[in-house]
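From first to last, the protein sequence lines stand for chains A and B.
Here the first sequence stands for residues 6 to 253, where the numbers follow this note's numbering.
Here the second sequence stands for residues 6 to 253, where the numbers follow this note's numbering.
Protein chains: 2
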Amino acid sequence: MDNDQDDPAAATDYQPLYAQVKALITRRIATGDWKPGDMIPNEFQLANEYNVSQGTVRKALIAIEAERLIVRRQGRGTYVARHTREHALFHFFRMVDINEQRPVPTSQALSQNIVNASQELAKQLEVEPGTPLYHITRNRSLKASPAIYERIYTPVQMMPDLQIEIGKQMVDEMYVIYQERYGITIAHASERVAAIAASAEDARQLKIAKATPLLEITRIARDVSKVAVELRISRCRSDEFRYAAELN
Amino acid sequence: MDNDQDDPAAATDYQPLYAQVKALITRRIATGDWKPGDMIPNEFQLANEYNVSQGTVRKALIAIEAERLIVRRQGRGTYVARHTREHALFHFFRMVDINEQRPVPTSQALSQNIVNASQELAKQLEVEPGTPLYHITRNRSLKASPAIYERIYTPVQMMPDLQIEIGKQMVDEMYVIYQERYGITIAHASERVAAIAASAEDARQLKIAKATPLLEITRIARDVSKVAVELRISRCRSDEFRYAAELN
DNA sequence: GAGTGGTCTAGACCACGGT
DNA sequence: CCGTGGTCTAGACCACTCG
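1) How would you write the range of the beta strand (DSSP E) that T142/B sits in, first residue to last?
2) Per DSSP, which one or two residues make a beta bridge with G37/A?
3) Suppose contacts are defined by Cβ-Cβ distances below 9 Å. Is S150/A in contact with S112/A by that definition?
4) How many angstroms separate the CA atom of I182/A from the CA atom of Y139/B?
5) Thinking C-alpha only, which one of E70/B, T61/B, E105/B, D102/B is nearest T83/B?
6) How many Å lie between Q106/B and M44/A at the Cα?
7) What separation, rounded to the nearest whole angstrom, lies between the Cα atoms of M100/B and A208/B?
8) Please state the DSSP three-state secondary structure of T61/B.
9) Alpha helix (DSSP H) containing I182/B: first to last residue?
10) Can you tell which of P137/A, Y187/A, L22/A, L211/A has the C-alpha that lies nearest to the C-alpha of R63/A?
11) Output, in sequence order along the chain, the residues in the stretch 186-211 of chain A whose CB is closer than 8 Å to any CB in chain B.
12) Per the DSSP calculation, G42/A is bridged to which residue(s)?
13) On the three-state DSSP scale, how would you describe L211/A?
14) Between the stretch 223-234 of chain A and the stretch 194-212 of chain A, are three or more C-beta pairs nearer than 8 Å?
15) If you measure between the beta carbons of E175/A and A114/A, is that distance less than 9 Å?
16) Output yes if chain B places a C-beta closer than 9 Å to the C-beta of Y183/A; else output no.
17) With a threshold of 6 Å on Cβ separation, who are the neighbours of P108/B within its own chain once the five nearest residues in sequence on each side are excluded?
18) Using a C-beta to C-beta distance shorter than 9 Å, which residues of chain B count as neighbours of H96/A?
19) Can you find a CB in chain A that lies within less than 9 Å of the CB of Y154/B?
20) Pick helix, strand or coil for V176/B, following the three-state DSSP scheme.
21) If you reduce the DSSP assignment to three classes, tell me which class F98/B lands in.
22) Between which residues of its own chain and Y180/B is the CB-CB distance below 6 Å, once the five residues before and five after are set aside?
23) With 8 Å as the C-beta to C-beta threshold (strictly closer), list the residues of the stretch 58-85 of chain B near chain A in chain order.
24) Does V101/A get closer than 9 Å to chain B when you measure Cβ to Cβ?
25) Within this structure, are the beta carbons of Y158/A and L236/A separated by less than 9 Å?
26) To the nearest angstrom, how far is the alpha carbon of G80/A from that of P46/A?
27) 9 Å is my cut-off, CB to CB: does L220/A come that close to chain B?
28) Based on DSSP bridge pairs, tell me the residues matched to G82/A.
29) Using a Cβ-Cβ cut-off of 7 Å (strictly less than) and excluding sequence neighbours within five positions of V161/A, which residues of its own chain qualify?
30) Counting only the same chain and skipping the five closest in sequence on each side, list residues whose C-beta sits under 7 Å from that of D11/A.
31) Quick test of your reading: C241/A and I153/A, contact by CB under 8 Å. State the CB separation rounded to the nearest angstrom.
32) Quick check on this structure: which residue in F49/A, E206/A, H96/A, L66/A has the alpha carbon closest to the alpha carbon of Q59/A?
33) Give the range of the beta strand (DSSP E) segment to which Q106/B is assigned.
34) Going by DSSP, what residues sit across from I171/A in a beta bridge?
35) Going along the chain, which residues of its own chain have a beta-carbon closer than 6 Å to the beta-carbon of N253/A, five neighbours each way excluded?
36) Does DSSP classify V198/A as helix, strand or coil?
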């Protein structure tokens, strides 16, 4: 009682109670114990389960909500966040047109095959070189004209039997598929934007002149546990569209 | 009881106590009542002043801290945030090199004059067309080679007698100057990134071939009250550098 | 009306930073 | 040692949603 430091780890491992509760709840969501769309127990039930006060649970829940893992609604309850198409687009699709409107993209898959991870791909996706990866290419149109040519890589092991219909409009965003089919929630992404000259392939796909300047957006998407799930390289027309970022 | 909507204002004007306290404290910072670097009264003093409990003040302070307007330090006190060069760069300079290192830019002003806002500039800076603006051009080097050519516009009225030394290394970031000389704290910025082909001017400034693809970053920077303070158009080499964004 | 999250208060104790 | 912010608890009351 008078000395909690007899465990030397305590000094470095110390986490406030609410942070511990937050970690416990987060784990139950990450493991699929509570699934997207589920309502989780109320604050008093959780407080009782973890033997803390309701205020401590509340602080944990507010922190989890800030990470968009849960949605809390007064009078209703607390729910595990679900990736809707709107949500996926709102959080992860950053292109705006020159009038500051957010266009809604339509997507059409062009090809799907399996490749073994090169050194470069392996490094980015944090897997061993040679790991089998799906390689999907697709076209995305903004305002009814082709604007983005995209290559997507994701480990086969994470998404057994992933099948994308080729040549048809995709109904769901990839992240909705990951969540609904495999229980993988994309929670974070890191993007790097470069300016490049359109290759012959880009020019053909986007119906533009070769060497037109394009935005190349390289994105690593990670799940709730920060595990890399997808590498996506998007080449975007930049004549009518811009990549948008807000710094706060 | 059955109808709280008889006063239409009540529905829209209602703010929780902590939000009102937050607004009051924020205003005192925005007006310069408390200046960057100042220590503000402790939670109990504020609670007493505003006739609320210390817990309510705390919630307001946590919210203000989340907006990076204040810094709270255990055992020390709560301080109004100050723009250091490190802070300005960390929050507003988003370029990384191809090895994911953040290069530290050096800047050299090329010119400073006054222009009257065109329709386009006026719209972006939210001022009347014709409003006098400073127009500053500068070169920025990353890792000792010229990498960014930048045009900066800011209303003369906001920064009377702004003088930038031409042709010399700039010691301070622009945002440090705005804060220290004029008490204007840049708190938000909105960026739009495009890919463009280098103009003859860009090519000369950046010592690259004409028509090389460049990143063009257009930024509107705003103060604590969301008033537009600066428009900045940066053209960046994209061969060794990338624009970085994290989506959470 | 019952149940949920949201706000607010009050007070205890801890951890940190300086005197 | 004192004063600061940080954590935690306990309980009251409010606002929203739904049956």
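Heads up, the beta-carbon is just placed ideally off N, CA and C, and yes, glycines get one too.
Treat the numbers as computed from the prediction; the structure is a model and nothing was measured.
Quick look at the numbers:
1) Sequence index remark: in the second sequence, residue 142/B carries index 137 (1-based). Element bounds for T142/B: 137-147.
2) As a position in the first sequence, residue 37/A is number 32, starting the count at 1. Note: G37/A sits in no beta bridge, so no partner.
3) Residue 150/A sits at position 145 when you count from the first residue of the first sequence. Residue 112/A sits at position 107 when you count from the first residue of the first sequence. No, Cβ-Cβ distance for S150/A and S112/A is not below 9 Å.
4) Within the first sequence, numbered from 1, the residue matching residue 182/A stands at position 177. Within the second sequence, numbered from 1, the residue matching residue 139/B stands at position 134. Those two C-alpha atoms are separated by around 50 Å.
5) Along the second sequence, read from residue 1 onward, the residue named residue 83/B stands at position 78. The candidate whose alpha carbon is nearest that of T83/B is E70/B.
6) The sequence position of residue 106/B within the second sequence is 101, counting from 1. The sequence position of residue 44/A within the first sequence is 39, counting from 1. Near 42 Å, if we compare the C-alpha coordinates of M44/A and Q106/B.
7) Along the second sequence, read from residue 1 onward, the residue named residue 100/B stands at position 95. Along the second sequence, read from residue 1 onward, the residue named residue 208/B stands at position 203. Taking the straight line from one Cα to the other gives about 20 Å.
8) In the second sequence, the residue the question calls residue 61/B occupies position 56. Helix at T61/B.
9) As a first step, residue 182/B is located in the second sequence; it is residue number 177 there, counting from the start. Residues 179-187.
10) As a position in the first sequence, residue 63/A is number 58, starting the count at 1. It is L22/A whose Cα lies nearest to the Cα of R63/A.
11) Under the 8 Å Cβ criterion, the stretch 186-211 of chain A contributes A192, H193, A194, S195, E196, R197, V198, A199, A200, I201, A202.
12) Position 37 of the first sequence holds residue 42/A. For G42/A, which the question treats as bridged, DSSP gives no partner whatsoever.
13) Counting from 1 along the first sequence, the entry for residue 211/A is found at position 206. When DSSP states are grouped into helix, strand and coil, L211/A belongs to the helix group.
14) With the cut-off at 8 Å, the stretch 223-234 of chain A and the stretch 194-212 of chain A touch.
15) Position 170 of the first sequence holds residue 175/A. Position 109 of the first sequence holds residue 114/A. Going by the sequence as given, residue 175/A is Met instead of Glu. Yes. Within cutoff.
16) Stepping through the first sequence from its first residue, residue 183/A is reached at position 178. For Y183/A, the answer is no, since every Cβ of chain B falls outside 9 Å of its Cβ.
17) Position 103 of the second sequence holds residue 108/B. Within the same chain, P108/B has close Cβ partners D102, L147, K148.
18) Locating residue 96/A in the first sequence gives position 91, where the first residue counts as 1. Residues of chain B passing the Cβ test: L252, N253.
19) Counted from its first residue, the second sequence places residue 154/B at position 149. Chain A, which has no Cβ nearer than 9 Å to the Cβ of Y154/B, makes this no.
20) Here residue 176/B refers to the residue found at position 171 of the second sequence. Here V176/B sits in coil by DSSP.
21) Taking the second sequence and counting its residues from 1, the one referred to as residue 98/B is at position 93. In the structure shown, F98/B sits in coil (DSSP, three-state: anything other than H, G, I, E or B).
22) Within the second sequence, residue 180/B is the residue found at index 175, counting from 1. So the qualifying residues of the chain are H88, A93, I191.
23) Against chain A - using a Cβ distance shorter than 8 Å - the residues of the stretch 58-85 of chain B are E72, R73.
24) Taking the first residue of the first sequence as 1, we reach residue 101/A at position 96. Yes - at least one Cβ of chain B is within 9 Å of the one on V101/A.
25) As a first step, residue 158/A must be located in the first sequence, where it is residue number 153. As a first step, residue 236/A must be located in the first sequence, where it is residue number 231. Closer than 9 Å, so yes.
26) For the purposes of this step, residue 80/A is identified with residue 75 of the first sequence, where counting begins at 1. For the purposes of this step, residue 46/A is identified with residue 41 of the first sequence, where counting begins at 1. About 13 Å.
27) Looking up residue 220/A in the first sequence gives position 215. Cβ-Cβ to chain B under 9 Å: yes for L220/A.
28) By 1-based counting over the first sequence, the position of residue 82/A is 77. G82/A is bridged to R78/A.
29) For the purposes of this step, residue 161/A is taken as residue 156 along the first sequence, with counting starting at 1. Correct list, in chain order: I119, P137, L138, Y139.
30) Your numbering for residue 11/A matches position 6 in the first sequence. Bear in mind that a pLDDT of 36 at D11/A, under 50, signals an unreliable position, so the number given afterwards is only what the model happens to contain. Scanning its chain for C-beta atoms nearer than 7 Å, with the 5 sequence neighbours on each side dropped, one finds no residue around D11/A.
31) By 1-based counting over the first sequence, the position of residue 241/A is 236. By 1-based counting over the first sequence, the position of residue 153/A is 148. Indeed they touch by this definition, with Cβ atoms about 5 Å apart.
32) Position 54 of the first sequence holds residue 59/A. It is F49/A whose Cα lies nearest to the Cα of Q59/A.
33) Indexing the second sequence from 1 puts residue 106/B at position 101. For Q106/B, there is no enclosing beta strand (DSSP E), as DSSP marks it with neither H nor E.
34) Counting from one through the first sequence, the residue named residue 171/A turns up at place 166. Paired residue(s): A114/A.
35) Here residue 253/A is taken as the residue at index 248 of the first sequence, counted from 1. No residues qualify anywhere along the chain.
36) Mapped onto the first sequence, residue 198/A falls at position 193. In this structure, V198/A counts as strand in the three-state DSSP scheme.
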